[in-house]
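Colleague: Protein chains in written order, with the numbering used here: chain A, 3 to 161; chain B, 1352 to 1785.
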């Protein structure tokens, strides 16, 4: 029963996400993707089509903001068109956090992105997660701007 | 290393606990005249005389790193004869203001090894030694014997175990700050004898030594997922603590070395578990939604302090080591993280994260009272106790973002840099070795 409700919710979410994206509803089912050769070409296409491979978070939070949800909506469309692609969602903390807590926060952010993509209809088999904690800052320094750019989850195509 | 005679922790605790319980006693002067030798063949490298001179210098250097003792010497002109090891002339040291005197000898044996003996005296009272210690060591192990002598002097003066014959594990860092090369390194407590345990081909974090400093747990990203690994420092063998499990981190040994507490991540949820160091049974200790991590055992192994955000912000909690009776002990603003129980059981050190200020090292009593911040930040973390329970080792990132190791007294004062060949983070200070 519970599983049914979740599936139904996922279907509604997926439908509403599609509704925001012009073109998709007129041409169901999802058209075959253009043939791209090599992971680098796929990655470039993913970033170009989805707008970004990254979403950003508020301080100490794993809550998806409206811009983050919009980005994930576009990522979900691309991933559904490329069912053979597997991604690794890499969550990051920022330098103001302690080492071990940052690992947990990064994992939380990656999981938040993963479950949102599943809600948008991406098969769970396409999605893996990991956390970098605060080990791979995108931007150096401890300014509020630098910290904000490091609190992120990156959708990395692995194959 | 064979212990020949060791009257450890004699009545010194009782004798010396009296001067100023609760307030910081002034540093005491200890005279370190050159350790002598009864050997007639003196002078050559590796001879008993040469080792005696090097050991004297090392003992003075050890004691100079403490807040409680001020060594004078060694000075060649203060050389004494072998019989004077046990019958020193107190008056000359009294005249120099010394409270303690350390004498000793190094004698070569027929089997090629060395006998090392050390004696500590109360210069003011005179009479026979307060305590003595002796070893038979291979010539290459003279440093450990000297560290043991330093430890003897320190424990006589303070009542706390000496901190010199110890090991420090830490993460040696190099390369760009965006993508640091990190290697687990282990060195003697005085910075000598550094060796790398991992090669630098994958990110590694938070090494922790077993009580005997013969094993190490740490976090490795090898294979893509951060997970706890257990390394044997003798055989160099290493393996995942929990084979096949997903993400795990924050490992700490139990005081008997038999168990390892750590955190396992499942989806958005992080909980604390305990595993046998030999593999096998795993027990889950926390079930709260959110992040429970940073578990650290009390010295009797019966309780665990940890950090949890179950109240909304990261705070410190204590539970029994079977997971029962969880209760919050920190209530200040900001966040509390990476708690560590002091070896004497009295204190809990932690990293406190204060918005607008940064990360600072603090201590509180094990019941949460008497909280005080020790370091000024803004990027100090990963506290680890000295075996004396009087000092804390931690790392501080400088304005350029590069971390270095520092030690700070729990009585306050400025932290002092601990030299490492490369940048250093995530330090762990072992107990005094057997």
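A virtual CB, placed ideally from N, CA and C, is assigned to each residue, including glycine.
Alpha carbon to alpha carbon, how far is residue 1403 (chain B) from residue 1360 (chain B)? Give it in angstroms, no decimals.
Modeller: For residue 1360 (chain B), the pLDDT reaches just 37, beneath the cut-off of 50, and the residue's location in the model is therefore unreliable, leaving the point undetermined.
Colleague: In the DSSP assignment, the alpha helix (DSSP H) including residue 69 (chain A) goes from what residue to what residue?
Modeller: Element bounds for residue 69 (chain A): 68-83.
Colleague: Specify the secondary structure class of residue 100 (chain A) as computed by DSSP and reduced to three states.
Modeller: It is coil, neither helix nor strand.
Colleague: Quick check on residue 146 (chain A) - is its C-beta less than 8 Å from some C-beta in chain B?
Modeller: So no, residue 146 (chain A) is outside the interface.
Colleague: Please report the distance separating the alpha-carbon of residue 1682 (chain B) from that of residue 1700 (chain B).
Modeller: Residue 1682 (chain B) and residue 1700 (chain B): Cα-Cα distance of roughly 15 Å.
Colleague: I'd like to check one pair, residue 1780 (chain B) with residue 1737 (chain B): are the Cβ atoms closer than 8 Å?
Modeller: The answer is yes: Cβ separation under 8 Å.
Colleague: May I ask you to verify whether the region 1433-1443 of chain B touches the region 1520-1538 of chain B, counting CB pairs closer than 8 Å and requiring at least 3?
Modeller: Cβ pair count under 8 Å is below three, so no.
Colleague: Quick check on residue 1410 (chain B): does DSSP put it in helix, strand or coil?
Modeller: Reduced to three states, the DSSP call for residue 1410 (chain B) is helix.
Colleague: To which residues of the same chain is residue 1426 (chain B) closer than 8 Å at the C-beta, ignoring the five residues directly before and after it?
Modeller: Answer for residue 1426 (chain B): 1384 and 1385, listed in chain order.
Colleague: Taking residue 1441 (chain B) as part of the alpha helix (DSSP H), name the residues at either end of that continuous run.
Modeller: Here the alpha helix (DSSP H) through residue 1441 (chain B) covers 1441-1446.
Colleague: Would you decide whether residue 1786 (chain B) is buried or exposed? Buried here means 16 or more other CB atoms lie within 10 Å of its CB.
Modeller: Residue numbering for chain B in the displayed model covers 1352 to 1785; residue 1786 (chain B) lies beyond these limits and cannot be assessed.
Colleague: Going by the beta-carbon positions, is the gap between residue 1560 (chain B) and residue 1582 (chain B) smaller than 8 Å?
Modeller: Taking 8 Å as the Cβ cut-off, residue 1560 (chain B) and residue 1582 (chain B) do not qualify as a contacting pair.
Colleague: Anything in chain B within Cβ reach of residue 139 (chain A), meaning under 8 Å, just list it in chain order.
Modeller: The answer, in chain order, is 1528 and 1529.
Colleague: Return the CA-CA distance between residue 1562 (chain B) and residue 1606 (chain B), expressed in angstroms with no decimal places.
Modeller: Roughly 6 Å separates the two Cα atoms.
Colleague: Report the three-state DSSP secondary structure of residue 48 (chain A) (helix, strand or coil).
Modeller: Residue 48 (chain A): helix per DSSP, three-state reduction.
Colleague: Along the chain, where does the beta strand (DSSP E) containing residue 1760 (chain B) start, and where does it finish?
Modeller: Its beta strand (DSSP E) spans residues 1754-1760.
Colleague: For the beta strand (DSSP E) containing residue 1591 (chain B), name the first residue and the last one.
Modeller: Unbroken beta strand (DSSP E) run through residue 1591 (chain B): 1589-1591.
Colleague: Using a cut-off of 7 Å between C-beta atoms, extract the partners of residue 1 (chain A) located in chain B.
Modeller: The first residue shown for chain A is 3 and the last is 161, placing residue 1 (chain A) beyond what the model contains.
Colleague: Check the Cβ-Cβ distances between residue 159 (chain A) and every residue of chain B, and say whether any is below 8 Å.
Modeller: It does not: the Cβ of residue 159 (chain A) has no partner Cβ on chain B nearer than 8 Å.
Colleague: Below 8 Å between beta carbons: does that hold for residue 52 (chain A) and residue 111 (chain A)?
Modeller: It is not a contact, given that the beta carbons lie outside the stated cut-off.
Colleague: Only counting the same chain, and skipping five residues up and downstream in sequence, which positions put a Cβ closer than 6 Å to that of residue 1742 (chain B)?
Modeller: Taken in chain order, the residues that qualify are 1758 and 1760.
Colleague: If I follow the unbroken alpha helix (DSSP H) through residue 1501 (chain B), where does it start and stop?
Modeller: Its alpha helix (DSSP H) spans residues 1493-1509.
Colleague: Is the number of C-beta pairs between the region 1691-1698 of chain B and the region 1707-1722 of chain B that are closer than 8 Å three or more?
Modeller: Verdict: yes, contact present.
Colleague: Are the region 1474-1488 of chain B and the region 1411-1424 of chain B touching by the rule of at least three beta carbon pairs closer than 8 Å?
Modeller: Result no; under three Cβ-Cβ pairs closer than 8 Å.
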